[in-house]
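Student: Pasting in a structure now, in structure tokens, and then I'll have a few things to ask.
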Amino acid sequence: MKTTTTSPLQRLLSTGAGWAPLALRIPIGIIFAAHGAQKLFGAFGGYGLEGTGQFMASLGLSPGYLMALLAGSAEFFGGLALLVGLLVRPASALLAITMVVAIVTVHLDKGLFMANNGYEFALTLLAATVSLFISGAGKASVDATLARRAD
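Convert by adding 8 to the 1-based position in the sequence shown; the result is the number in our numbering.
This is the structure we're talking about:
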């Protein structure tokens, strides 16, 4: 009887999910990449690292510039990773943590609804990233291709 062992890389990249994660990865990846670009580069009407850093420092997240760099990088590069389906589980975990921090530090005290700058949008992004963390990238992904090659 032959036993197969899976390497940590194979476990990281593997996914039993079909095409469904693609429906989450594309829009969520676009949203995160755009929000990260706002924080890092001032794109799409964002404030860039300096302005975002000042905002984060005002929330007690210091040093603000470093926190802006970390959050912006997680969102921008994590969003790109979701788009192409590369290292989706670690990217999703990092993005989920980023959303928990955003909910707790920025939105929670404002209630649920976005009209009051509440946490509903961040909660939606958190749910999507947790779902992708659980499912993996799915068939249409770099992860699936790499996992097949690792077998």
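Glycine included, C-beta positions come from ideal geometry on N, C-alpha and C.
What did DSSP end up calling N124 once you bin it into helix, strand or coil?
Tutor: The answer is helix: DSSP assigns N124 an H, G or I state.
Student: Check M9 in the structure and name its three-state DSSP category.
Tutor: Per-residue confidence for M9 stands at a pLDDT of 46, beneath the threshold of 50, marking its modelled position as unreliable; no derived number is given.
Student: Spatial neighbours of F121 within its chain, please: C-beta separation below 7 Å, excluding the five flanking residues on both sides.
Tutor: Taken in chain order, the residues that qualify are E128.
Student: At what residues does the alpha helix (DSSP H) containing P98 begin and finish?
Tutor: That run of the alpha helix (DSSP H) goes V96 to A110.
Student: Where does A123 land, buried or exposed, given buried means 16+ other C-beta within 10 angstroms?
Tutor: Exposed: under 16 other Cβ atoms inside 10 Å.
Student: In the DSSP assignment, find the alpha helix (DSSP H) that holds F52 and state where it starts and stops.
Tutor: No alpha helix (DSSP H) contains F52, which DSSP labels as neither H nor E.
Student: Give me the Cβ distance between G80 and K47, rounded to the nearest whole Å; I'm assuming they're in contact under 8 Å.
Tutor: Sure, about 3 Å apart at Cβ, within 8 Å.
Student: Between the beta-carbon of L94 and the beta-carbon of V150, is there less than 7 Å?
Tutor: Going by C-beta atoms, L94 is nearer than 7 Å to V150.
Student: Of the residues T113, G26 and F84, which one's Cα is nearest the Cα of F63?
Tutor: For the residues T113, G26 and F84, the minimum Cα distance to F63 belongs to T113.
Student: Measuring straight from C-alpha to C-alpha, what distance separates S66 and G56?
Tutor: Approximately 16 Å, taken between the alpha carbons.
Student: Considering only C-alpha positions, which residue in the set V108, P29, S70 and P16 is nearest to L133?
Tutor: Residue V108 is the option with its Cα nearest to L133.
Student: Return the first residue and the last residue of the alpha helix (DSSP H) that V114 is part of.
Tutor: Run containing V114: none; DSSP gives neither H nor E here.
Student: For the alpha helix (DSSP H) containing T153, name the first residue and the last one.
Tutor: Element bounds for T153: V150 to A158.
Student: What number of angstroms, rounded off, separates the C-alpha of L88 from the C-alpha of F141?
Tutor: Rounded to the nearest angstrom, the two C-alpha atoms are 15 Å apart.
Student: With 16 as the cutoff for other CB atoms within 10 Å, does G68 come out buried or exposed?
Tutor: The residue in question, G68, is exposed, as its Cβ has fewer than 16 Cβ neighbours within 10 Å.
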